[in-house]
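Take the sequence shown: its position 169, counted from the start at 1, is 1420 in our numbering, and no numbers get skipped.
Positions of the beta carbon are idealized from the N, C-alpha and C atoms, including for glycine.
The structure presented is a predicted model; accordingly, all values stated were derived computationally and were not measured.
This report concerns only the one structure given below.
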Amino acid sequence: MGERFNICVLPGDGIGPEVMAEAKKVLARIGERFGVAFGCTEALIGGAAIDATGQALPAETLEAARAADAVLLAAVGGPKWEADPRAPRVEEGLFGIRKGLGLFANLRPVSTYDPLIDASPLKPELVRGADVMIVRELTGGLYFGKRDRLYDVPGAGPDGTPGQYAYDTMEYSEYEVERIVRMAFEIARGRRKRVHSIDKANALGVSRMWREVTRGIAAEYPDVEYRELLVDNAAMQLMLDPLQFDVIVSENTFGDILSDEAAVLCGSLGMLASASMGAGTALYEPVHGSAPDIAGRGIANPIAQILSVEMMLRYSCKMQEAADAIAQAVARVLDEGYRTADLADAATPADMILGTAAMGDKITEYL
Ligand code: NAD
1252 MGERFNICVL PGDGIGPEVM AEAKKVLARI GERFGVAFGC TEALIGGAAI
1302 DATGQALPAE TLEAARAADA VLLAAVGGPK WEADPRAPRV EEGLFGIRKG
1352 LGLFANLRPV STYDPLIDAS PLKPELVRGA DVMIVRELTG GLYFGKRDRL
1402 YDVPGAGPDG TPGQYAYDTM EYSEYEVERI VRMAFEIARG RRKRVHSIDK
1452 ANALGVSRMW REVTRGIAAE YPDVEYRELL VDNAAMQLML DPLQFDVIVS
1502 ENTFGDILSD EAAVLCGSLG MLASASMGAG TALYEPVHGS APDIAGRGIA
1552 NPIAQILSVE MMLRYSCKMQ EAADAIAQAV ARVLDEGYRT ADLADAATPA
1602 DMILGTAAMG DKITEYL
């Protein structure tokens, strides 16, 4: 055996453990084929961690993540942990690990696969060839600003009665904007050299600062074309003319929403992987959530989780050939007509619709 990588594996909740099992199959096969040892340390996060320890991110999990060469996360959450607003929230696990690892950048590539072009509800001629990299700021903004939820506040209820009052605050420091925008420009240099910065500068002071800082950085990259869009227009443009986009950079909340919207381009959330980067250990996860509506049925699409392994090999393990092999295996399976239920349509023959494990096996077979 040659090199060894220590991977912190966080299966989480719902379909998380189901899709993670397939990602581990792929990783084991890659290890065999490329003579690399992947040591996997499993830890708890989200609802599973709340049930076992009362906390969405136990200290041991963060320690294991910090000690690893990379973190592979599936998804967290489910109705079981959402009923009581005063109970610990599963999202604290996600936000906590992002903060704890200093992961300020979330990279979400969205591109179309020709065999799936009809899986998108958009017209094929509109989405064919779309290839967008969304660079979302991940540790600032609304999700991390000052917040509270108060009960029995005088006058906050209907007709002047006591009621609830809640607030979240969008906050950014100049350095937080600068480092994410710089990353977007660097990424654009390795792609088609165009950056769209998305904000809401007509309404938000934070966005006006974002725009000023971003213009300053854009001036340092004369070889990269720089464009600005208001987030409402950006949401529309992504559907009207997705081919105009190369790299999109945005603050946390807008990036969260736009990246799910962009998922429509490729037809299913089940296809999209992401990487979260900071100064230390990076984290790789699918864009989708824990899909409680299909959990336990063995029909979840494991491709986003498997493509998260691809990104992990590419960025953290520097195994480009292995990453390419995964991308090719996924493309081959789709070319041959195999689909999971979320990718299938009325024309898909029943015997080409695979469950989670069968899809994982098929991709592994082609590796
Ligand atoms: P979701 O992404 O879990 O599901 C949205 C829809 O897409 C569902 O119909 C689901 O069945 C489908 N889907 C998602 N992934 C799929 C896959 N791999 N294969 C096939 N179909 C798939 O989003 P949601 O329903 O809004 O949220 C469900 C739970 O997940 C909530 O508790 C939410 O808080 C949590 N969540 C977690 C993350 C995360 O862990 N990063 C992200 C988003 C949502």
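Whole-angstrom C-beta distance between residue j and residue i, which should lie under 8 Å
i       : j       : result
Ala1555 : Gly1611 : 12 Å between Cβ atoms; not a contact.
Ser1559 : Ala1274 : 7 Å
Arg1440 : Val1475 : 6 Å
Ala1435 : Val1446 : 5 Å
Leu1313 : Gly1267 : The pair is not a contact, with the Cβ atoms about 18 Å apart (cut-off 8 Å).
Gly1263 : Gly1297 : 5 Å
Sequence-distant residues of the same chain with beta carbon closer than 6 Å to residue i, five excluded per side
i       : result
Asp1382 : Ser1362
Phe1505 : Ile1449 and Val1482
Gly1353 : Gly1529 and Ala1530
Asn1552 : Gly1521, Thr1591 and Asp1593
Ala1469 : Tyr1477
Leu1564 : Met1570, Ala1573 and Ala1574
Gly1414 : Ala1407 and Gly1408
Pro1339 : Ile1301 and Ala1307
Heavy atom of the ligand NAD within 7 Å of residue i beta-carbon
i       : result
Asp1593 : yes
Val1270 : yes
Val1327 : yes
Asn1552 : yes
Ile1545 : yes
Ser1510 : no
Glu1536 : yes
Ser1371 : no
Leu1345 : yes
Ala1338 : no
Ser1448 : no
Glu1502 : no
Met1266 : According to the sequence as given, residue 1266 is Ile; it is not Met. Result yes, Cβ under 7 Å from the ligand NAD.
Gly1540 : yes
Leu1520 : yes
Glu1333 : yes
Asp1263 : Per the sequence shown, the amino acid found at residue 1263 is Gly instead of Asp. The answer is yes for Gly1263.
Ala1555 : yes
For residue j and residue i, the rounded distance between their alpha carbons
i       : j       : result
Glu1422 : Gly1396 : 6 Å
Ile1431 : Val1386 : 8 Å
Ile1545 : Ala1514 : 19 Å
Ala1370 : Thr1607 : 18 Å
Ala1574 : Val1464 : 35 Å
Glu1269 : Ser1541 : 10 Å
Pro1537 : Ser1519 : 12 Å
Arg1459 : Val1428 : 11 Å
Glu1254 : Met1570 : 11 Å
Gly1347 : Ala1299 : 15 Å
Tyr1535 : Ile1301 : 22 Å
Ala1325 : Thr1412 : 44 Å
Ala1524 : Arg1583 : 18 Å
Asn1503 : Leu1358 : 12 Å
Val1581 : Ile1614 : 6 Å
Ile1550 : Leu1494 : 32 Å
Met1271 : Asp1410 : 50 Å
Ile1508 : Leu1516 : 14 Å
Asp1365 : Gly1588 : 11 Å
Tyr1418 : Leu1401 : 9 Å
Gly1286 : Arg1280 : 10 Å
Arg1349 : Leu1389 : 7 Å
Gly1335 : Gly1265 : One detail in the question is off: residue 1335 reads as Asp in this sequence, not Gly. Those two C-alpha atoms are separated by around 18 Å.
Val1277 : Ala1598 : 29 Å
Ile1604 : Glu1561 : 23 Å
Residues near residue i by beta carbon distance below 8 Å, same chain, minus five either side
i       : result
Thr1420 : Leu1393, Gly1396, Lys1397 and Arg1398
Asp1320 : Phe1256, Asn1257, Ile1258, Thr1532, Ser1567 and Cys1568
Chain-order list of residues whose beta-carbon lies under 7 Å from that of residue i (same chain, five-residue window excluded)
i       : result
Pro1330 : Pro1543
Ile1368 : Pro1375, Val1378 and Arg1379
Leu1585 : Tyr1364, Pro1366 and Leu1367
is_contact[residue i, chain B] using C-beta, thresh 8 Å
i       : result
Leu1308 : No chain B appears in the structure shown, which is made up of a single protein chain.
_In chain order, what are the residue ranges of uninterrupted beta strand (DSSP E) at least 3 long that sit wholly in the region 1330-1376?_
1356-1362
| message | If we require 4 or more residues per run, which alpha helix (DSSP H) segments fall completely within the region 1255-1288? | response | 1267-1285
| request: Give, in chain order, every unbroken run of the alpha helix (DSSP H) that is at least 4 residues long and sits entirely within the region 1453-1490. | output: 1456-1470
Review point. Mind pulling the alpha helix (DSSP H) runs of 4 or more residues that sit fully within the region 1490-1524?
Key: 1503-1517
Practice problem: List in chain order: all unbroken alpha helix (DSSP H) runs of 4+ residues lying wholly within the region 1547-1609. | Solution: 1554-1566 and 1571-1586
Beta strand (DSSP E) runs wholly inside the region 1379-1418, at least 3 long, in chain order | 1382-1388 and 1398-1404
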